[in-house]
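Just so you know, we're using UniProt numbering here: the sequence shown kicks off at 1 and counts up by one.
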Amino acid sequence: MATSPPVGGQPRRALESYTPGSAHQHHRGVRDAHEASHVELERHAPGSAEHAAALHHHVQHSHDLLESRRAKLAQRRQEVEHLKKRGASPDEVRDAEQRHGQYRDKVERHEHEHAALVAHHHRGVRDAHEASHAELERHAPGSAEHAAALHHHAPRDAARHSAAAAYRHVERTRGALHQAQANHKQHSTERTRAELREARRQHDEAKAAHGELVRHRRHLDAKHGFHASHKALQSSTHSADSHEHAAAVDRHHRHSAALLKTRQDKVAALRQHARSSPHDAHASTRLAKAQRKLADHEAHHKAFAEEHAAALKRHRDARDADKAAKHHAHEAVKRHDDEIKLERQKRRAAQREVKAKK
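Written out as structure tokens, the structure is:
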């Protein structure tokens, strides 16, 4: 299991490898986060956007807790096996098996509850998607209403369309600027000077707007890649020391770094906007929100960097162990062949001696 992305304003955890002392503390943290997400879910009315967001977070925390409980169940199974191998008393073994059985029932109940929760969440997501698609169909392409509906239905597509349209506007204002420069060079009057100033202002504004939309598009793409790589890592069935798992961890680490960069760019842009536009009442609010998300993601990325290094080390160790095993096997085969060859040489030498005596 891998580090989950920051959700609900808090960095979440890494479920990859634990020392025995930290396992209990980690499990308690995951359980507390799950309970907090359930409390947050209860605060909002079903059907509201806040409830949908809280449900999404609660599903993720439920998944985390289920994985942690499965790991704890496996640990209790190992305890039973350890007691049997150690030759513990029948009472000790029976108590351990009873604890394992009770916890297995708890995990099975959670699995049923989680499946129902996921199905409920999926229905909500599907209904919202269908509603946003119906809203998109109601408006004519090219209209402001259609653009707004597209932004709601497919934000990444909308961001690409907006950035492309902004670039076309940059090209138009660049053409107008070149024309104004040529006019002013030819006539050099107050009117051409004013037209040149206006053309330059419009071109600068167009470039700034295009830059902001490109940053937004990159940010959405980075978020998509981050969550897709995290989902792939969560659903991976490969062993923790496999090449496939190491590749999935490495891919998520790269997407995490890309998202971190876009969040840093966003904070820098919002900070610059807040300084240059003191009259914008919402600038400080947007900046504070972006800074909060950046801090959460920095914490996540730092935690995942440790997991990334651990995953690569496990993979290297497993690969080195495999190479060593193959080398030892090869050496054993070679020794066996050498022994057979030596034995054959001894037999032939003995046969030659016998013939010489005759």
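All residues carry an ideal CB built from backbone N, CA and C; glycine is no exception.
Predicted model only: the values in this text are computed from it and were never measured.
With a threshold of 16 other beta carbon atoms within 10 Å, R263 meets it and is buried.
By the criterion of at least three beta-carbon pairs nearer than 8 Å, the region 296–308 is in contact with the region 244–257. Across the structure, A199 and L177 are spaced so that their CA atoms are roughly 5 Å apart.
For Q186 and V170, the gap between their C-alpha atoms comes out near 24 Å. The alpha carbon of K223 has as its nearest neighbour, out of K261, E212 and H243, the alpha carbon of K261. Taking 8 Å as the upper bound for CB-CB distance, R292 and L220 are not in contact here, some 19 Å apart.
As the crow flies, the alpha-carbon of E244 is around 39 Å from that of D95. For secondary structure counted as the alpha helix (DSSP H) over 4 or more consecutive residues, the UniProt region "Disordered" (120–164) holds these complete runs in sequence order: 144–153. As summarised for the UniProt region "Disordered" (265–358), the continuous alpha helix (DSSP H) elements at least 4 residues long and confined to that stretch are 283–357, given in chain order.
Straight-line spacing of the CA atoms in T189 and R201 works out to 18 Å.
Ranked by Cα distance from A53, the options H61, S62, H63 and L41 are led by L41. For G211, the enclosing alpha helix (DSSP H) starts and ends at E190 to Q234.
C-alpha of R69 to C-alpha of V107: approximately 6 Å in a straight line.
Remark: three or more beta-carbon pairs, one from each stretch, lie closer than 8 Å, so the region 106–123 and the region 43–61 are flagged as touching. Close CB contacts of H184 within its chain, under the 8 Å cut and outside five residues either way in sequence, are with T192, R193, E195 and L196 (chain order). Here K84 is exposed: its Cβ has fewer than 16 other Cβ atoms, across all protein chains shown, within 10 Å. Rounded to whole angstroms, E212 and A180 show a C-alpha spacing of 26 Å. Close CB contacts of A45 within its chain, under the 8 Å cut and outside five residues either way in sequence, are with H51 (chain order).
Counting only the Cα atoms, L342 lies some 17 Å from E353. In the structure shown, R109 adopts helical secondary structure according to DSSP, grouped into three states. When DSSP states are grouped into helix, strand and coil, D241 belongs to the coil group.
Per DSSP, the continuous alpha helix (DSSP H) segment holding H58 begins and ends at A49 to R86. For L287 against A274, the beta-carbon gap comes to about 5 Å, under 8 Å, which counts as contact. When secondary structure is reduced to three states using DSSP, S89 falls in the coil class, being assigned neither helix nor strand. Around the beta-carbon of T237, fewer than 16 other beta-carbon atoms lie within 10 Å, marking it exposed.
If the five residues before and after A209 are omitted, its C-beta is found closer than 6 Å to the C-beta atoms of A166, all from its own chain and listed in chain order.
One alpha carbon belongs to Q60, the other to R335, and they sit about 55 Å apart. E205 and R174 have their C-alpha atoms roughly 11 Å apart. Counting the other Cβ atoms within 10 Å of the Cβ of S62 gives 16 or more, which makes it buried.
The three-state secondary structure of A248, taken from DSSP, is helix.
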